[in-house]
Amino acid sequence: MPVTVVVGAQWGDEGKAKIIDLLSKEHTYVVRYQGGHNAGHTVVVDDEKYALQLIPSGVLYDHVIPVIANGVVVDLPTLFNEIDTLEGRGISCADLKVSTLAHLIFPWHQAHDAIAEAMRGDDKIGTTLKGIGPAYADKARRVGVRAGEVVDAGRFAATVRARAIAENELIEHAGGDPLDVDEIVTRFAAFGERLRPHVTDTVTLLHDALGRGAQILLEGAQATFLDLDHGTYPYVTSSNPTAGGACAGTGLGPRDISRIVGITKAYTTRVGAGPFPTELLDGDGDTLIDVGREFGTVTGRRRRAGWLDCVMLRQAVRLNSLTEIALTKLDVLDGFDTVEVCTGYRLDGLLIDAYPDRSDILAAVEPVYETLPGWKTDLTSARESGELPAEAKAFLALVEQQVGVPVNVVGVGAERDDYLLWTA
Ligand code: GDP
Ligand code: IMO
Ligand code: MG
14 MPVTVVVGAQ WGDEGKAKII DLLSKEHTYV VRYQGGHNAG HTVVVDDEKY
64 ALQLIPSGVL YDHVIPVIAN GVVVDLPTLF NEIDTLEGRG ISCADLKVST
114 LAHLIFPWHQ AHDAIAEAMR GDDKIGTTLK GIGPAYADKA RRVGVRAGEV
164 VDAGRFAATV RARAIAENEL IEHAGGDPLD VDEIVTRFAA FGERLRPHVT
214 DTVTLLHDAL GRGAQILLEG AQATFLDLDH GTYPYVTSSN PTAGGACAGT
264 GLGPRDISRI VGITKAYTTR VGAGPFPTEL LDGDGDTLID VGREFGTVTG
314 RRRRAGWLDC VMLRQAVRLN SLTEIALTKL DVLDGFDTVE VCTGYRLDGL
364 LIDAYPDRSD ILAAVEPVYE TLPGWKTDLT SARESGELPA EAKAFLALVE
414 QQVGVPVNVV GVGAERDDYL LWTA
């Protein structure tokens, strides 16, 4: 069963792309299964930074066939911009496959995203304003336009026109500026032409590949606690990043998957609003943000930061059937005298066992911390477990003991090769 899923175990930006890049060495297909260009996935190779939004992070390897599967919502302007940028840097995207069944994002989705956020006032979710929620809403109410529709150019143009006219009425009703229908139809007709050679029955493609014994890597975007069902609703994204979403989002079955890798930072970050029990609003939080360069890849927003939360990670293990953890950014903790790890939550003074199923309860819990001595050593050049100071080893041992699955990979810097395989 050669399918591996990589899933964010926190609120996103855990360093998934770097781990996917690493795992891509031994995989032929790298497949995005949900989300859209709200994702910002960074790989750094020889000081060259690649920030990917839609194209799977395995694309940097020649042997990888990148696949955008049915669960993704695809913004064509971003897709082609990304292809042009990558090809300008010598990376071919000719093999890219886009599922016939993937839904497309249109400018009215972005307009609706902005209107919905403005209407929420102080209760804003803090979305990326990329139109992700409205595109998934259209999919759910069965009025979406799918990538496969571009094979019939005339019909595609007529559908885009009809949808644009209908959506303009709603936008104007909500007080927004109407969109230029002719401009959208012309622009998207050209995008449709360009998309056509990439459109593929990716369900058959992936199952045929499995039949031949090919290795398939499924790349989660966003993360467990941004999951529409299991995240901190309503402060979530509109898809299912959790491992179950990888099946719905690709057409592979649960029994095809053998390995599920959860990615966590050595601390926690979040962009946008919503509860965050271990958030630090003091100098330590500023240090995590400054040293960890915690500014959004997509929106440039300053991320919120706090200590590592093992209660979240235990829940991520359950929700995703994680077989292992990859822990990134351990180097960001290098300068701390002491490091805190959250091992439990108290509610009204009492320890609670179950992960709160309501955002208002999560916002009210008090974290219980275990304090560990810091290592005060630059870890960036460490390449083997044995090179880690005892204090860093103790940190990793505590995480494994708390979370109950092994930590296999440890990130010690942003570069492709800044990692070590951890054994206690
Ligand atoms: P993703 O969305 O989960 O792929 O993560 P992002 O790319 O949005 O954010 C992770 C950031 O951390 C990127 O800037 C990476 O280059 C960087 N990064 C990844 N792993 C490490 C690591 O182990 N140490 C350090 N210092 N940076 C890392
Ligand atoms: P990657 O894949 C971090 C957050 C937004 C907002 C919420 C809903 O790089 O980890 P949306 O635009 O999806 O409707 O916004 O989800 N969000 C992310 N946060 N990393 C991401 O992706 C995110 N994608 C969406 O900030 O709070
Ligand atoms: Mg990101």
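Numbered by our numbering, the letters in the sequence shown go through residues 14 to 437 in order.
Positions of the beta carbon are idealized from the N, C-alpha and C atoms, including for glycine.
For clarity, every value in this text was computed on a predicted model and none was experimentally measured.
Unbroken alpha helix (DSSP H) run spanning residue 377, endpoints = 372-377
Are residue 173 and residue 181 close, meaning C-beta to C-beta below 8 Å?
-> no
Excluding the five sequence neighbours on either side, which residues of its own chain have a C-beta within less than 7 Å of the C-beta of residue 332, listed in chain order?
-> 237, 243 and 255
From what residue to what residue does the beta strand (DSSP E) around residue 63 run?
-> 61-65
State the beta-bridge partners of residue 118 as determined by DSSP.
-> 88
Apart from the five residues on each side of it in sequence, which residues of its chain come closer than 6 Å, Cβ to Cβ, to residue 283?
-> 24, 289 and 317
Own chain, CB closer than 8 Å to residue 417, minus 5 neighbours either side, in chain order = 327 and 330
Close-in-space but distant-in-sequence residues of the same chain around residue 378 (CB under 8 Å, 5 per side omitted) | 290, 358, 359, 360, 365 and 369
Backbone CA spacing between residue 10 and residue 119 [nearest angstrom] | Nothing can be reported for residue 10: it is not among the residues displayed for the chain, which extend from 14 to 437.
Hey, is residue 389 close to ligand 2, as in C-beta under 7 Å from one of its heavy atoms?
-> no
Would you kindly check if the distance between the Cβ of residue 235 and the Cβ of residue 28 is under 8 Å?
-> no
Look at the Cβ atom of residue 110, then the Cβ atom of residue 80, and state whether they are nearer than 8 Å.
-> yes
Residue 239 beta carbon near ligand 2 (any heavy atom closer than 7 Å) | yes
Do residue 413 and residue 382 have their CB atoms nearer than 8 Å?
-> no
For the alpha helix (DSSP H) containing residue 111, list its first residue and its last residue.
-> Taken as a continuous stretch (DSSP letters only), residue 111 belongs to no alpha helix (DSSP H), being part of the beta strand (DSSP E) at 110-112.
State the DSSP-derived secondary structure class of residue 229, mapped to helix, strand or coil.
-> strand
Tell me the start and end of each unbroken beta strand (DSSP E) in the segment 200-266 that is at least 3 residues and wholly inside, in chain order.
-> 229-232
What's the gap between the Cα of residue 339 and the Cα of residue 408?
-> 14 Å
For residue 410 and residue 356, the rounded distance between their alpha carbons = 13 Å
Where residue 147 sits in the DSSP three-state scheme | helix
Taking all protein chains shown into account, decide if residue 34 is buried (16 or more other Cβ within 10 angstroms of its Cβ) or exposed.
-> buried
Of the listed residues 108, 72 and 117, nearest to residue 49 (C-alpha basis) = 117
Rounded to a whole number of angstroms, what is the C-alpha to C-alpha distance between residue 218 and residue 348?
-> 48 Å
For ligand 2, any of its heavy atoms closer than 7 Å to the Cβ of residue 248?
-> yes
Taking Cβ to Cβ, would you say residue 404 is nearer than 8 Å to residue 385?
-> yes
Report all residues from its chain with a CB closer than 6 Å to the CB of residue 46; omit the five preceding and five following residues, and keep chain order.
-> 82, 84, 231, 259, 262 and 263
Would residue 186 be called buried (16 or more neighbouring beta carbons within 10 Å of its own) or exposed?
-> exposed
Closer than 7 Å: residue 26 CB and nearest ligand 2 heavy atom | yes
Residue 286 vs residue 246 beta-carbon contact at 8 Å | no
Sequence-distant residues of the same chain with beta carbon closer than 7 Å to residue 427, five excluded per side | 57
Near residue 67, which residues of its chain fall below 8 Å by C-beta distance, leaving aside the five closest residues on each side in sequence?
-> 45, 49, 50, 52, 81, 85, 87, 88, 91, 92 and 95
Any non-hydrogen atom of ligand 1 closer than 7 Å to residue 140 Cβ | no
Segment limits, beta strand (DSSP E) that includes residue 355 | 351-360
Using the Cα positions of residue 140 and residue 277, report the straight-line distance between them to the nearest angstrom.
-> 22 Å
Should residue 178 go down as buried or exposed, given a rule of 16 or more other Cβ atoms within 10 Å for buried?
-> exposed
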